[in-house]
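Protein chains: 6
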Amino acid sequence: MRIHVINPNSTTAMTATIAAAARAAASPGTVIDARTGAGAPVSIEGYHDEAMAVPAMLAAIREADRSGAGAHVIACFDDPGLAAAREVAGAPVIGICQAAVQVATTLSARFSVITTLPRSVPVIEDLVTAYGAAGRCRRVRAVDLPVLALEADPATARARLLAETRAAMTQDGAEAIVLGCAGMADLCQWLSDQAGLPVIDGVTAAIRLAEALAGAGYRTSKSGAYAWPRDKSGDLAAHAGAA
Amino acid sequence: MRIHVINPNSTTAMTATIAAAARAAASPGTVIDARTGAGAPVSIEGYHDEAMAVPAMLAAIREADRSGAGAHVIACFDDPGLAAAREVAGAPVIGICQAAVQVATTLSARFSVITTLPRSVPVIEDLVTAYGAAGRCRRVRAVDLPVLALEADPATARARLLAETRAAMTQDGAEAIVLGCAGMADLCQWLSDQAGLPVIDGVTAAIRLAEALAGAGYRTSKSGAYAWPRDKSGDLAAHAGAA
Amino acid sequence: MRIHVINPNSTTAMTATIAAAARAAASPGTVIDARTGAGAPVSIEGYHDEAMAVPAMLAAIREADRSGAGAHVIACFDDPGLAAAREVAGAPVIGICQAAVQVATTLSARFSVITTLPRSVPVIEDLVTAYGAAGRCRRVRAVDLPVLALEADPATARARLLAETRAAMTQDGAEAIVLGCAGMADLCQWLSDQAGLPVIDGVTAAIRLAEALAGAGYRTSKSGAYAWPRDKSGDLAAHAGAA
Amino acid sequence: MRIHVINPNSTTAMTATIAAAARAAASPGTVIDARTGAGAPVSIEGYHDEAMAVPAMLAAIREADRSGAGAHVIACFDDPGLAAAREVAGAPVIGICQAAVQVATTLSARFSVITTLPRSVPVIEDLVTAYGAAGRCRRVRAVDLPVLALEADPATARARLLAETRAAMTQDGAEAIVLGCAGMADLCQWLSDQAGLPVIDGVTAAIRLAEALAGAGYRTSKSGAYAWPRDKSGDLAAHAGAA
Amino acid sequence: MRIHVINPNSTTAMTATIAAAARAAASPGTVIDARTGAGAPVSIEGYHDEAMAVPAMLAAIREADRSGAGAHVIACFDDPGLAAAREVAGAPVIGICQAAVQVATTLSARFSVITTLPRSVPVIEDLVTAYGAAGRCRRVRAVDLPVLALEADPATARARLLAETRAAMTQDGAEAIVLGCAGMADLCQWLSDQAGLPVIDGVTAAIRLAEALAGAGYRTSKSGAYAWPRDKSGDLAAHAGAA
Amino acid sequence: MRIHVINPNSTTAMTATIAAAARAAASPGTVIDARTGAGAPVSIEGYHDEAMAVPAMLAAIREADRSGAGAHVIACFDDPGLAAAREVAGAPVIGICQAAVQVATTLSARFSVITTLPRSVPVIEDLVTAYGAAGRCRRVRAVDLPVLALEADPATARARLLAETRAAMTQDGAEAIVLGCAGMADLCQWLSDQAGLPVIDGVTAAIRLAEALAGAGYRTSKSGAYAWPRDKSGDLAAHAGAA
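Protein chains in written order, with my numbering: chain A, 8 to 250; chain B, 8 to 250; chain C, 8 to 250; chain D, 8 to 250; chain E, 8 to 250; chain F, 8 to 250.
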């Protein structure tokens, strides 16, 4: 089985981190096909970055889909372009936020999310609400570090992540922690050991769910919202004729 | 990996059907440990049947958990005793309704559920709402056949299932169909071929998600709602002393 | 009029406390038929305890229903087995949580709940949400004492209850307090006097609502979700014949 | 015990009908103090009629509260001025819509409402949503007759009510029916006999709940939203001084 | 274009403040027709005050509507009688709370409201929920000053408003502030300058939206909930004949 | 005042239609700066088309914002890239769906939307839900014509639009109609005349709201979710240094 993992931003070092986490998470025999968003922003921090990253991501998904990927994983916690990706893929498409939320609601009754920048808090809150988990998510917290600082300054990242985790436990009553950035994947085990709680990294969750869906032979519905994009050449001709 | 699948009702023929579906769905190397709810009702059709089936189901889960199951699957679409099961298990516990809903919201934007008896419609609606998918589930439909009639009268079951599926497509705009009974597992592929839509059987979905969670090493949170049941021997002594 | 009050746990001293509160709450002429859950856990603290207590509770409800009870009250704040109880009873069934929430939303615009253990917080939050009062319940708080400690150590119980009540008033803006455990019934008047707010004990609320429904001649609907459990002897024969 | 029942419209014949229903519903020993909204519209059909009826209704509630009413019932299904009434009363105030919804959610899992005019449908839908029962109310239906026509043309009223009830059962899967107008109280028993379902008249429900709350000694919270209206003579003086 | 602005309370000095804010907000060429609620309470602080103010307000709206107002603005943040006003007006009716919420959700992802008295907090929360913005409103805060004290003691008003704004920024993550009282209109620019955030005064927002709707030629729907109040003279005759 | 109107698709004939509608809707003195999405799909029919259209749209908005536009209108009913546009603009950004929904909830209690293709139904439902109007929107309907066919075959478009409008009135109880496509702007007045209901075209609504917000001096919040995109040159350097 081949799983296509797309890092929608253009930072190849981050793709490497994500690919390593994906390979560590995958079953034996699963091939991870990790790609980088060509020409995208260096990190995804807000709606503008998402929007600029999606077209290249869709191209990568189309190509990987044609070449037989069993499933696609969008490795950015904002799940940028998730619905659009489902339109252009026959294989299932997994967003790491949706995957992490699905796992968190299976392992716990109440969880909190910890992300990078405060500006991402409403973005993630709205995602969690759209995924139907608003009543189960206690709070979305931020360590107030840019995405790229996670690797550039790992000591600070760890300290702040642990502090927010402890606050989530005592103040929020969180029973599990969701890591709200693909770049936090390598801190997952360490944090779980420190906190004594399940800590859910979206990359790990998504790779395993991708294997599950691909393994079961599931395909994205091509009826309705996720149908293939329409060929509009006829429309245009008709329109031109009418004008 | 060993996945424990509990059929909460006491009909062993149904356990056999479920086990066959589970084995067909599982990855190579996964061992399916299928059990039957000792002393439970012959089928689960409503809240009373759920309540009477759960204690034996919890005993089975405790035992399978101690003997090293990597995950547990509750093979009844009402997800009876799901929260209680999570209290008594260290391994993740998957309900087939929750699993099917998670898959349906990944593959489609709008789905409908088709279950057995009309009395189960509000039961399933409330589950879907609790799982946060009320806005994505167009309608819960019923074929108006008892659970055990699915195998006793397969021709009628197929005809009604197909009729409700067509109604779901034309009237509801359903993009995927969820089968709302563990006993429908063997009709899944046939119905998908007929309808040209993804048809999601909860047993298949749950087995694959169980493998995913167990494979990733996830464990149920033991902090908060799903903590192990308390040992109350001390409470009772204190209480007796106080009385 | 006879009201059946079932304490779903097996602690008879707690049944006595509940029965005393029920009799104090009842109208003159109402007979309180208080029963104890045979073989149930000594207290209900979480989903597992609920599940283990429900079968005996249902047997008690069936029996009391046949012998002419005008209504049934489930005297545990988790409302364990409420829907199942409605299936096996012709008379109305009142859960003390649902009753307390109905009274609280009549007397105030915003209320907080105070329960025993932190693990019960999400349990009660989900109930309040299911009863449609999520927007009116400011917060579910816990005194962090086991159920049986309420009687074993009443001084601590009172002190913590008062502290949480004051916090609910100043931090939550609570206009009324709901006591989140049947074992708190005897503290209700004292706490209301201390706080100067309505304090709602579920046993009192439920007894009065039970009298109201029984007095008006209301009966549980036997169409749909709460229909009597089906007789499945025919199904089984058909199934056996088919297999 | 004395229960104050206010008919917010000015049609005394309708007050008589309501008072008769209230007395039929009340426990022995309960005194029904039925009043008519002085100078109000002849019927309440929409928001304007509500608004014009409320000031006189509040005056009646103040007066009845001072003279010792144990509870107040607002006998109009739109629950006009319910929150305002709670501000000016020490005794509990029951709206017949809220009461009927509380009873319906106790007796059934799904209900439909049948009211008079189509223009009242969104009014009642919004009330049901505000009371937290949107997920349990299948549909609000209208017989398309003005309030006063219920008594003026009873044969038509009965025929249409029965037709809508049958539609609610077959199309909505309603398990109980709520009558959406105080003027339908006298049709309740007849309709229930015809339909074989619980039919809930708000006047009956509210009288019994009023007895329940008054009997338990409950009082409206005077902290927060329902506090007594402020005496503003000081504000005005301060304001005049400042201006 | 003429915009009718009704101050539902009877304090003419407050009408003057509101009219000044309205004129400052209006486009050149817009005529502001500001009126005062005859015989209404001196300020609107809670549901009772709303109810007592609405009939005179509706009379003013009827009159202004007949004389050709292009739109009506209800200049009280509780939006008292908004639905009733829409029944009696052909021109669009704008409530300043609804207007402010519409603007806030256009300019920001998350906002907080700051009002006068704590008792108004649940009132405004319920409005924000009814307008569909519960998920976007972080918190409703109160400066704990009566409406009329805003002008009587402006120094205190400013100090408390600024303190709550700072708390909304740091504790709530508010990206914009909504002023929750018509009497705060003149503090809007000052507060925005202090805080560096958009501060939305409902009067300003509503005047501009009123111009927008009137300018586009929109009229209130007269089908359904906001249809003109019915003429019931025929009903009454029929009813009298039937009785 | 200058309002920037961006047609996110690349069909200039459609831009001309939109610009004409915008100019017809605008106040005297407002300048409409209408632009076309360079290199975008010829129409926006689903998530993929949205994603491919947004980057060029953002470039147009940045440019128009720098050159002093008072507000921006995204003239596609899917509101593609609305949040991203708010990040890159100082002036307010109006989506025509959000604008139409705001107007519809001001003029009516219940409305229905009529769009082009069935595949857009869930897209628009999710938008309406995100804007908080799910409870007020009766149904999203589709005429089952591609966007460009609206102009190419106007007779069919009118016939189907009228048929769906009549169905919305009789089956949905819609009190107002929202046109769910920018290309329907020129049918608005005709349809309103035919139906006797308010018909709301998003372009008209948005132009007027844009004037309202710009006229009041409102600016998009630059704190939180809609803050300017971060300059990440420093991050990258730090990251490179760390790697």
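Glycine included, each C-beta is placed from N, C-alpha and C at the ideal position.
Alanine 27/E versus leucine 194/E - alpha carbon distance: 13 Å
Would you call the CB atoms of tyrosine 54/D and glutamate 70/E closer than 8 Å? no
Residue range of the unbroken alpha helix (DSSP H) whose run includes cysteine 188/D: Neither: cysteine 188/D is in no alpha helix (DSSP H) and is coded neither H nor E.
Under 7 Å (Cβ pairs) to chain I, residues found in the region 97-124 of chain B: Checking the listed chains, one finds no chain I in this structure; the protein chains it contains are A, B, C, D, E and F.
N-terminal and C-terminal residue of the alpha helix (DSSP H) that isoleucine 131/D is part of: 127-137
So tyrosine 54/F contacts chain A; which residues on that side make the cut at Cβ distance below 7 Å? Ala90, Ala91 and Glu94
List the residues of chain E that threonine 136/A touches, going by C-beta distances under 8 Å, in chain order. Gly142
Does any residue of chain A bring its CB to less than 8 Å from the CB of alanine 58/F? yes
Along the chain, where does the beta strand (DSSP E) containing cysteine 144/C start, and where does it finish? 144-149
Contacts of glycine 180/C in chain E (Cβ-Cβ under 9 Å): Pro125, Val128 and Pro129
Between Arg226/C, Met191/C and Leu186/C, which has its C-alpha nearest isoleucine 207/C's C-alpha? Leu186/C
Residue environment, threonine 43/A, which counts as buried when at least 16 other CB atoms sit within 10 Å: buried
For valine 80/C, which residues in chain B fall below 9 Å Cβ to Cβ? Correct list: empty, because the minimum Cβ distance to chain B is about 18 Å.
According to a CB-to-CB cut-off of less than 7 Å, which residues of the region 217-237 of chain D neighbour chain E? Gly231, Ala232, Ala234, Pro236 and Arg237
Run through the DSSP bridge pairs and tell me what threonine 43/B is partnered with. Asn14/B
Go ahead and pull the three-state DSSP assignment for valine 49/F. coil
Look up valine 110/F in the DSSP assignment and give the residues it is bridged to. Its beta-bridge partners do not exist; DSSP assigns none.
Compare the beta carbon distance of glutamate 158/A and alanine 20/A with 8 Å and say whether it is the shorter of the two. yes
Three-state secondary structure (DSSP) of valine 100/F: strand
Measuring CB to CB, does leucine 124/D end up less than 8 Å from aspartate 151/D? yes
So, at 7 Å on beta carbons, what are the nonlocal neighbours of arginine 215/D in its own chain, with the 5 sequence-adjacent residues on each side left out? Ala32
Residues of chain B with a CB under 7 Å from the CB of glycine 139/A: which are they? Tyr138, Gly139 and Ala140
Threonine 211/D: contacting residues in chain C (beta-carbon distance under 8 Å): Ala223
Could you name the residues of chain E that serine 34/F contacts, counting a contact when the two beta carbons are closer than 8 Å? Ser34 and Gly222
Return the chain-ordered list of same chain residues with a C-beta closer than 8 Å to the C-beta of tryptophan 197/A, the five sequence neighbours on each side being excluded. Arg165
Taking only the alpha-carbon atoms, compute the straight-line gap between isoleucine 25/E and isoleucine 103/E and give it to the nearest angstrom. 11 Å
For chain C, is any of its Cβ atoms less than 8 Å away from the one on proline 205/D? yes
Of the listed residues Val154/A, Ala107/A, Ser228/A and Thr113/A, nearest to valine 120/A (C-alpha basis): Ala107/A
Rounded to a whole number of angstroms, what is the C-alpha to C-alpha distance between cysteine 188/A and cysteine 83/A? 6 Å
Which residues in the same chain have their Cβ closer than 7 Å to the Cβ of isoleucine 39/F, if we skip the five residues on either side of it in sequence? Ile10, Val12, Ala26, Ala29, Arg30 and Ala33
Please decide whether alanine 156/B counts as near chain C, where near means a Cβ-Cβ distance under 8 Å. yes
Can you name the residues of chain F whose CB is closer than 8 Å to the CB of aspartate 251/A? Here chain A comprises residues numbered 8 to 250, so residue 251/A is not present and cannot be evaluated.
Chain C residues whose Cβ lies nearer than 8 Å to that of leucine 65/B: His55, Ala58 and Met59
For threonine 37/E, name the three-state secondary structure that DSSP assigns. coil
Cβ closer than 7 Å: which chain E residues qualify as neighbours of alanine 183/F? Ser228
Take valine 130/F and list the residues in its own chain whose beta-carbon comes closer than 8 Å to its own, dropping the five residues that flank it on each side. Gly53, Tyr54 and Asp85
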